[in-house]
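My numbering applies: residue 17 is where the sequence shown begins, and numbers increase by one.
Everything on this sheet refers to the single structure shown next.
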Amino acid sequence: MSIKSVKENLIKIAPDLEIIEHDISTASVNEAALAHNVDPGQIVKTIALILEEPILIMVAGNTKIDNKKYKNIFKKKAKMLSASDTELYTSHPIGGVCPFGLPSNLVIYADKSLENYEFVIPAAGSANSSVIISRKRLINMVSAIIVDVTKKIIQ
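Structural data, given as structure tokens:
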């Protein structure tokens, strides 16, 4: 059902964007980076967290939430939604969470880590779908608020 809501949403707001459905999983950053032959940082991880209400934060795939930075901005410790709550609030399963086709208006944030890439690749509602989009267009399309809440993952 989730990819269907993304398709319906994108037809309305960005009919030129193509949802790419892969024969393999793109649920993890590494899987998606391999499928697209790109740097893992270009993969957008859309993380569902809870403040007073659920929120989404889009971050570069080669980063993770920095608890100190997060707490400085949101005045709370970062707490991810459970898999079932993530699907309830976004209609997307883990591995397919994206800022498109949401059943309700969630506040969406975009981390500064995305600024390193002109084009980024968020999921598209399933564990094997994605969209290639310019970073600026993505942020504008979903009215994301820019924050600085991540640190680079040390490999």
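Glycine residues also receive a C-beta, built at the ideal position from the N, C-alpha and C atoms.
Everything numeric in this text was worked out from a predicted model, so none of it was measured.
Between the options, which lies nearest to residue i when the distance is taken from Cα to Cα?
i	options	result
ALA43	LYS80, VAL60 and ILE27	VAL60
ASN25	THR106, LYS84, VAL75 and GLY77	THR106
ILE148	SER159, HIS52, ILE66 and ILE162	HIS52
ASP127	LYS92, ILE170, SER120 and ILE161	ILE161
HIS108	GLU134, ILE63 and VAL75	ILE63
Would you tell me roughly how many angstroms separate the C-alpha atoms of residue i and residue j, rounded to the nearest one?
i	j	result
LEU154	ILE124	11 Å
LEU118	ASP164	24 Å
THR79	ILE27	30 Å
ALA94	LEU122	16 Å
TYR86	PRO56	22 Å
LYS23	ASN88	36 Å
THR166	ASN46	18 Å
PHE90	LYS84	10 Å
LEU67	LYS168	23 Å
VAL158	THR102	18 Å
LYS20	ILE35	11 Å
ALA99	ILE110	6 Å
GLU131	LYS152	9 Å
What is the DSSP secondary structure of residue i, counted as helix, strand or coil?
i	result
THR102	helix
ILE110	coil
LYS167	strand
VAL54	coil
ILE93	In the sequence as displayed, the identity of residue 93 is Lys instead of Ile. Reduced to three states, the DSSP call for LYS93 is coil.
VAL147	coil
VAL133	One point to set straight first is that residue 133 is Tyr, not Val, in the sequence displayed. Correct three-state label for TYR133: coil.
LEU72	strand
ALA49	helix
VAL158	coil
ILE29	helix
Buried or exposed: residue i, going by 16 or more other Cβ atoms within 10 Å of its Cβ?
i	result
ILE73	buried
ALA49	buried
SER129	buried
LEU97	buried
ILE40	exposed
ASN156	exposed
SER145	buried
SER150	exposed
SER120	exposed
LEU104	exposed
Determine contact between the region 138 to 148 and the region 110 to 130, defined as no fewer than three beta-carbon pairs at a distance below 8 Å. yes
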